[in-house]
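Going by the working numbering, the first residue of the sequence shown is number 724, and it counts up by one from there.
Built from N, CA and C at the ideal position, the CB exists for glycine as well.
These notes are about the structure you will find just below.
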Amino acid sequence: MISISSSELNYLVFRYLHESGFTHSAFAFGYEAGIDKSRIDVNMVPPGALVTFVQKGIQYLELEANFSGSDADMDEDFSFIQPLDLITKDPNELHNMIKAKKENLRQHKIESNKTVNEDNTREHLQGKEKERKEKENELGMEKIRLEKEREKEKGVLEVLHPDQNHTENHEDKIVVENLENGGHEGPEPMEISQSLSSLSNNIPSSDVKILEGHTSEVFACAWNPSGPLLASGSGDSTARIWKIAEGPCDSSVQNEMVNVVVLKHFKGRTNEKSKDVTTLDWNGDGTLLATGSYDGQARIWSRDGELKSTLNKHKGPIFSLKWNKKGDYLLSGSVDKTAIVWDIKTGEWKQQFEYHSAPTLDVDWRNNVSFATCSTDNMIYVCKIGENRPIKTFSGHQGEVNAIKWDPTGSLLASCSDDHTAKIWSLKQEQHLHDLKEHAKEIYTIRWSPTGPGTNNPNQQLVLASASFDSTVKLWDVELGKVLYNLNGHRDPVYSIAFSPNGEYLASGSMDKCMHIWSVKEGKIVKKYGGNGGIFEVSWSKDGDKVAACFSNNIVSVIELRM
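Here is the structure:
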């Protein structure tokens, strides 16, 4: 008999979580199960393998339970068994269940035969009654025919006096108007107009450049803040730095080679899951790129692709990586429950913060020396370099805290969680300022607009955006804690959102394979782009004329925006 080992089963579970979009759970499970040490040839495992095995197992139990040695019994309807019965009951119990249901069916057939005989007698009597009514109907029809003859004679007189025919003309007019408007089944004129408008919003292929080269999902992408360089990180154990020609995309050069540098995170096999590039971030002047990997190492590269240093202290995958504004420190958060501040000049760790009781999911700098961390333990800590205890603790979420972001001034901290809420916190008080509860499912990420005091757009309102597994994006008034706009357009979970540099637009990327560009002022879609895979991240170029999107089908798209 064919059997499956525990390591093989672990890998199938890992793949199921990964393919279903449960990225954090997949990484955590893979780390604890030692997936990176597995000798399984991952290229031989088809997508959806775990679900296929479970379905095959159910089918086998189904056959086994119905099998009784005769072909006739094998053809019995399998509806005797419910899926839950197949999973929770052994074959003997299933045999007894089917036997009892078959006996009930046999008794039901006997009762049905008795009923059929009674029905035949009843139908005979009803037939007699039917014949009687048909004769009455014939007499009635003859009466109607005679009345119609009289109406025809009356009609001749009405032709001679047309002014008496206004009622019929009015009825004809109503019928014509309904036909012209498509009756009750046709769309309203506004719906037709919206459809045409929707088509005009689609971004043409001539404005899109496809970057090919990655051999696995692309999880992260980020534009260089000072030049036309785009970084991407993938499950193929590489990051890449693409040089994108400035100016508009040109469809005539779509197939030309793009200048790209490959940053390899492996020495041996390229399919090692331990080398997945999970996060990346450029420093403020765009001279250095930091990458975080599933192997627990952070790496710093030059913009030319030279490996400057490898930062090795974490004991688990790195999920978040951020430079401070000054660029002298790098902050990393890991599944090992800790956050580490790295001194870039020395290439060594400066301080490790061990406050969380579960994996650290996100980190974000408040200023050059203090920052916040969040975790699957539902907690948020504000930390400061040189301090051995948190300078502030925020508790209130009832589920994993997926992301945290400081506003442009560093005075407000936003967080989002699996408990379906986002919250806004201030260092001046213990409790949250606002509890934002409009989402129906987990909130995956949040972003502040680059507007308001302390930004390049000081006269525009500060707005918070949240993206959720409920397929919506919401824009919030942070002073009132109220929804400004519900952005409904996606059909699947939204994994990434990003504001344009001028704060006027918001890009959103979803597992429905679509990227939408929304007007922040109007709360409406102004541009759409559809790819061939789920979108993990979207990123605006520094000038706001291009958006990059990275996809689950191994590609990166650069979209030219002509607003």
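By Cβ distance below 6 Å, which residues in the same chain neighbour residue i in space, the five residues on each side in sequence not counted?
| i | result |
| --- | --- |
| Arg-1089 | Trp-1129, Gly-1133 |
| Asp-1142 | His-1120, Gln-1121, Gly-1122 |
| Ala-1163 | Asp-1193 |
| Ile-1240 | Tyr-1228, Ala-1230, Val-1249, Lys-1250 |
| Asn-1035 | Gln-1020 |
Run through DSSP, which three-state label would residue i get?
| i | result |
| --- | --- |
| Tyr-754 | helix |
| Tyr-1078 | coil |
| Ser-949 | coil |
| Arg-963 | strand |
| Arg-829 | helix |
| Glu-969 | coil |
| Leu-735 | helix |
| Gln-1183 | coil |
| Gln-1152 | coil |
| Phe-776 | helix |
| Ile-1278 | coil |
| Met-943 | Checking the sequence shown, residue 943 turns out to be Ala, not Met. Reduced to three states, the DSSP call for Ala-943 is strand. |
Label residue i either buried or exposed according to how many other C-beta atoms from any shown protein chain fall within 10 Å of its C-beta, with 16 as the threshold for buried.
| i | result |
| --- | --- |
| Pro-1173 | buried |
| Arg-738 | buried |
| Lys-1060 | buried |
| Glu-891 | Its pLDDT being 39, under 50, Glu-891 is placed unreliably in this model, and the value from its coordinates should be taken loosely. Its Cβ having fewer than 16 others within 10 Å, Glu-891 is exposed. |
| Ser-1231 | buried |
| Ile-1282 | buried |
| Met-1238 | buried |
| Leu-735 | buried |
| Pro-1181 | exposed |
| Ser-1025 | exposed |
| Glu-914 | Confidence in Glu-914 is poor, its pLDDT being 32 and thus under 50, which makes the residue's placement unreliable; the coordinate value appears in the next sentence. Exposed. |
| Ile-758 | buried |
Is the CB-CB distance between residue i and residue j below 8 Å?
| i | j | result |
| --- | --- | --- |
| Gly-1070 | Ala-1062 | no |
| Asn-1277 | Thr-746 | no |
| Leu-1044 | Gly-1015 | yes |
| Glu-962 | Ala-954 | Note that residue 962 is Ala in the sequence shown here, rather than Glu. In contact: Ala-962 and Ala-954 (Cβ atoms closer than 8 Å). |
| Phe-989 | Ser-960 | yes |
| Ala-943 | Glu-1260 | yes |
| Asp-1085 | Asn-1125 | yes |
| Asp-999 | Ala-945 | no |
| Ile-1166 | Leu-1187 | no |
| Val-1279 | Leu-934 | yes |
| Ala-1081 | Asp-1087 | no |
| Gly-1204 | Leu-1135 | no |
| Leu-1030 | Arg-1022 | yes |
| Gln-1184 | Gly-1177 | no |
Please identify the residue among the options whose C-alpha is closest to the C-alpha of residue i.
| i | options | result |
| --- | --- | --- |
| Ile-1067 | Lys-1038, Val-985, Trp-1046 | Trp-1046 |
| Leu-1210 | Pro-1224, Ala-1190, Asn-1225 | Ala-1190 |
| Ala-1271 | Lys-966, Glu-1077, Ala-1021, Tyr-1017 | Lys-966 |
| Thr-1236 | Gly-780, Val-1243, Gly-1254 | It should be noted that the sequence gives Lys, not Thr, for residue 1236. The shortest C-alpha separation from Lys-1236 is found at Gly-1254. |
| Ile-1041 | Gly-1050, Ser-1025, Gly-1028, Val-1064 | Val-1064 |
| Lys-1265 | Gly-1212, Gly-950, Leu-1187 | Gly-950 |
| Asp-1027 | Tyr-1052, Leu-986, Val-1249 | Leu-986 |
| Val-981 | Thr-1002, Leu-952, Pro-1224, Thr-1001 | Leu-952 |
| Tyr-754 | Ser-730, Val-768, Gly-771 | Ser-730 |
By Cβ distance, which residues of its chain are closer than 7 Å to residue i, with the 5 residues on each side in sequence left out?
| i | result |
| --- | --- |
| Val-1092 | Lys-1107, Ile-1108 |
| Gly-936 | Arg-963, Val-983 |
| Leu-880 | Because the pLDDT at Leu-880 is just 42, under 50, the model does not fix this residue reliably, and the value given afterwards should be weighed accordingly. Around Leu-880: no qualifying Cβ. |
Flag residue i as yes when its Cβ comes closer than 7 Å to any non-hydrogen atom of the ligand COA, and as no otherwise.
| i | result |
| --- | --- |
| Ala-1021 | Inclusion of the ligand COA in the displayed structure is not the case, the ligand content being empty and no account of it being possible. |
Beta-carbon within less than 8 Å of residue i's beta-carbon, same chain only, minus the 5 sequence neighbours each way: which residues are those?
| i | result |
| --- | --- |
| Lys-1115 | Tyr-1104, Val-1105, Leu-1150 |
| Gly-744 | Pro-1216, Tyr-1218, Met-1234, Gly-1257 |
Check whether chain B comes within 8 Å of residue i, counting only Cβ atoms and requiring the distance to be less than that.
| i | result |
| --- | --- |
| Lys-1265 | Absent here is chain B; the protein component of the structure consists of one chain. |
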